[in-house]
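Mapping to this note's numbering: the sequence shown position 126 is 135, numbers consecutive.
Note that the Cβ used here is the ideal one computed from N, Cα and C, for glycine as well.
Since the structure is predicted, the reported quantities are computational estimates derived from the model, not experimental observations.
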Amino acid sequence: SAGQFALEELSCLDDAAGAVEWPPLEELGAAAGLVPQRRVPGPIALGMDATGMSAAQDERYRALRERVPDADLLGVLVQYWSDNHRTLAEVAEMVALESGRWEPDFVRDYCALLADLGWIELREDLS
């Protein structure tokens, strides 16, 4: 079935992420083991859903977009690969596989902003 095919494809990406040697994840620091957990349905489009952002949060979002030109695309990929089980390090690897961009600091900062907005929760990996 189509659903089974999709699951097999996702499994292949997970396997590929484990086979690739990624640069060190020092940028993530202690956040590497945190698991983003959704609190609202997604995907979240910060540019459109940002009506509740404070001036400081809006500035953080603008700074992310200036630092990473395709931040909106990477943000969607971060949300897609955040399945309530993968750590930020694992999400960064999956985003890199799809986008060809190694941006672990973006993954950390983007998730921190979503958590600050109350749209996700960053919890410790208990597995």
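- If you check the CB distance, Leu86 and Glu107 come in under 7 angstroms.
- Contact between Ala121 and Glu130 does not hold, since their C-beta atoms are separated by about 12 angstroms, which reaches or exceeds 8 angstroms.
- Cβ neighbours of Leu43 within its own chain (closer than 6 angstroms, five residues either side excluded): Leu97, Leu131.
- Within the stretch 92–130, the complete alpha helix (DSSP H) runs of at least 4 residues fall at 97–108, 113–125.
- Comparing alpha carbon positions, the residue from Glu133, Gly127, Leu135, Asp134 closest to Gln66 is Gly127.
- Judged by beta-carbon spacing, Trp111 lies beyond the 7 angstroms limit of Val100, meaning their Cβ atoms are not closer than that value.
- For Glu133, DSSP records a beta bridge to Leu43.
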